[in-house]
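Per the numbering used here, the sequence shown starts with residue 3, numbered consecutively.
Here a beta-carbon is modelled for each residue, glycine too, at the ideal position from N, C-alpha and C.
Remember, predicted model here, so these are calculated numbers, not experimental data.
Taking it in order: structure first as structure tokens, then the write-up.
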Amino acid sequence: MSGHEVICIEAPVPLTESLLADAPVLSLCPPALRPALRFIVSHLPVGYIFLACTQSAAPHLLVVCNPQCEHKLTELEPLVELALVSCPVSFTLHSYSTITNMLAQGHVYYSGCCRVNNLLYMKAGLAFPALSNGRYQQVLLAAGRFEQGIGKALSFYEHAASQLELPQRGLAAFCLHQACEQSFRILFLSLRGRELRSHSPRVLYRHAQTFAAFRGIFGNAPAEEQRLLSLLEEAYSGSRYDESYRIGHTDLLKLFDVVGLVIGRCCDTFSGFIDNALAGMRFES
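Rendered as structure tokens:
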């Protein structure tokens, strides 16, 4: 099937061979994904499993409970975490009603993920969820929202660049924090449709990894990653409230490079996701 394959867990999955040929490329995923998925569908009331997986994004599973599920999602999430403990793949768990409602509204993120050619598993007897005809309008709204938000991030970044060589580096550090915050928040808002109300780069970074492989962008070593995130955290509060706040020139230049990478990765992730969503509309037409 042209180098593509799907995981056959509960056969038959009611898709034609032409649609199976466009299934996700599982070579991008760890080998432990197969047994993990078998565990999930054997122990949880699952209706669908979708895999959002591209060359530029981290593998992410959307696990959707079946319509008859009576358990709270918080009760089931630990089982999914257990299944994926040896598998570096992120996941989100959703109720059947949430996903069908989001798709009926034309939600950009879920319309891009919950496509036939991202489907790994569908419980026998279920139909593929209906997609909204108004998705083009939702894509345009998301694109406009992202352009405005990333423009604010770039303005902060450019202002930081103009302050790098000044003796007082607090303003530059604050602008870099704001550029990083704005980039992560607008990515989440544009694709998920809801605001992440946090000023913490560490919190925003964790949420952003749902969309893209940011691993290593703050440093390949975990200690360096945490150090740089702490520098950004301190830049927000220290530069505003602490008159004794200082940051070294070397650290400031390092943050400047890292935040530039964050902005670029957010732009690439958004563009790739929108391209993927539009390709899905052409695929289904």
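- DSSP places T76 inside the alpha helix (DSSP H), whose first and last residues are 75 to 85.
- Contact between L35 and C89 holds: their C-beta atoms lie close to 5 Å from each other, under 8 Å.
- Following the DSSP letters along the chain, one finds H96 inside the beta strand (DSSP E) bounded by residues 92 to 96.
- In the DSSP assignment, L39 falls within the alpha helix (DSSP H) that extends over 35 to 45.
- Contact annotation: Y207 and A181 have beta-carbon atoms that are not nearer than 8 Å.
- The three-state reading of DSSP puts Y247 in coil, since its state is none of H, G, I, E or B.
- Counting only residues of its own chain and dropping the five nearest sequence neighbours on each side, E197 has a CB closer than 6 Å to the CB of L191.
- A contact is defined here as three or more CB-CB pairs under 8 Å, and the segment 130 to 147 meets this definition with respect to the segment 263 to 279.
- Taken through DSSP and simplified to helix, strand or coil, C182 comes out as helix.
- According to DSSP, residue pairing for H201 in a beta bridge does not occur.
- Minimum Cα-Cα distance from L53 among the listed residues S92, V82, E83, T76 corresponds to S92.
- From the listed residues P169, G127, N68, the smallest Cα separation to G250 is found for P169.
- Counting other Cβ atoms within 10 Å of its Cβ, R199 stays below 16 and is therefore classed as exposed.
- Between L173 and Q165, the CB-CB gap stays under 8 Å.
- 8 Å or more divides the Cβ of R229 from the Cβ of F176.
- Taking the Cβ atoms as the reference, N68 lies roughly 6 Å from Y98, within the contact range of under 8 Å.
- DSSP places G172 in the helix class (H, G or I) of the three-state scheme.
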